[in-house]
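In the working numbering, the protein residues as written are 1 to 218.
Taking it in order: structure first as structure tokens, then the write-up.
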């Protein structure tokens with residue numbers, strides 16, 4: 001759990017940001033730096049940082065614009081700052097208990113090689129499906145993550161309050177799940193957000209592991 005000093009510093013910085021109509025990119029980086037210092041101590045801190053990071057990058061180009069650029073403080077941004085204002089969220093602390101896998105789930109390749117379908121299995125139980133024409137136009141990384149979400153949804157009644165080890169042959173998806181999103185793909189980050197919100201709601205802990213494609217079969 002973060003120290004009381006760090007909690008107060010974080011809450012004060014968020015409060016100041018909320019009161020402004022604009023803030024500089026430097027102000028945003030200062031706030032994100034404080035949040036980042038709490039990542040290892042606050043559950044799902046990374047997840048709740050991502051919308052703020054993406055919001056900043058949608059208004060500011062670090063390679064071509066200076067740190068004094070003014071960025072608007074919108075209601076959308078404030079809706080994501082609210083989580084950081086709640087003392088219960090930022091003082092919860094992370095469990096120090098040793099991770100013990102309760103359930104292992106494997107998702108299968110979601111590419112054209114399997115006829116535009118997806119699948120997953122948990123022990124001897126298998127779930128499979130096909131993509132719609134619209135879904136087929138999405139990036140393969142998004143399809144792989146969608147396959148994870150569909151598989152989790154299918155087995156949800158058996159996964160509640162469990163520690164789940166997810167095996168997947170897409171290294172980007174593994175990274176996005178373990179890092180609670182990312183800033184390179186907004187669409188992939190949104191899908192990660194949808195997945196993790198579902199897991200949080202049902203008290204499911206997840207870790208993702210990369211496996212070779214040829215080992216990833218039902």
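Each residue gets a CB set at the ideal place from its N, CA and C atoms; glycine is no exception.
(1) In chain order, what residues of the same chain lie with their CB nearer than 7 Å to the CB of residue 172, ignoring the 5 residues before and after it?
(2) With a Cβ-Cβ cutoff of 8 Å, do residue 41 and residue 31 count as a contact?
(3) Tell me the start and end of each unbroken alpha helix (DSSP H) in the segment 55 to 119 that is at least 4 residues and wholly inside, in chain order.
(4) To the nearest angstrom, how far is it from the Cα of residue 229 to the Cα of residue 132?
(5) DSSP three-state label for residue 153, please.
(6) Since I believe residue 203 is in contact with residue 150 (beta carbons under 8 Å), could you give me their beta-carbon distance rounded to a whole number of angstroms?
(7) Check for me: the alpha helix (DSSP H) holding residue 172 runs from which residue to which?
(8) For the 8 Å Cβ check, are there 3 or more pairs between the segment 8 to 17 and the segment 80 to 87?
(9) Which two residues bound the contiguous beta strand (DSSP E) that contains residue 168?
(10) What's the gap between the Cα of residue 185 and the Cα of residue 27?
(11) Pick helix, strand or coil for residue 205, following the three-state DSSP scheme.
(12) Give the DSSP-derived three-state secondary structure of residue 122 in the structure shown.
(13) Give the straight-line distance between the Cα atoms of residue 212 and residue 169, rounded to the nearest whole angstrom.
(14) Look at the alpha carbon of residue 163 and the alpha carbon of residue 21, and state the distance between them as a whole number of angstroms.
(15) Which residues bound the beta strand (DSSP E) around residue 13?
(16) In three-state terms, what does DSSP make of residue 139?
(17) For residue 292, collect the residues of the same chain with a Cβ closer than 6 Å to its Cβ; drop the 5 residues on either side in sequence, then sort them by chain order.
(18) Let's see if you can read the secondary structure: which residues bound the beta strand (DSSP E) around residue 23?
(19) If you reduce the DSSP assignment to three classes, tell me which class residue 129 lands in.
(20) Out of 198, 197, 180, 193, point me to the one whose CA is closest to residue 207's CA.
(21) Between residue 127 and residue 154, which are expected to be in contact by the criterion C-beta below 8 Å, what is the C-beta distance as a whole number of angstroms?
(22) Per the DSSP calculation, residue 210 is bridged to which residue(s)?
To lay it out plainly:
(1) 141
(2) no
(3) 75 to 85, 87 to 90
(4) Given a span of 1 to 218 for the chain in the structure shown, any question on residue 229 remains unanswerable.
(5) helix
(6) Their Cβ separation, rounded to whole angstroms, is 20 Å, which puts residue 150 and residue 203 out of contact at 8 Å.
(7) 171 to 178
(8) yes
(9) 163 to 168
(10) 24 Å
(11) strand
(12) strand
(13) 6 Å
(14) 42 Å
(15) Segment 4 to 19 is the alpha helix (DSSP H) holding residue 13; no beta strand (DSSP E) there.
(16) coil
(17) In the structure as shown, the chain begins at 1 and stops at 218. Residue 292 is therefore absent and cannot be evaluated.
(18) 22 to 24
(19) strand
(20) 180
(21) 4 Å
(22) 168
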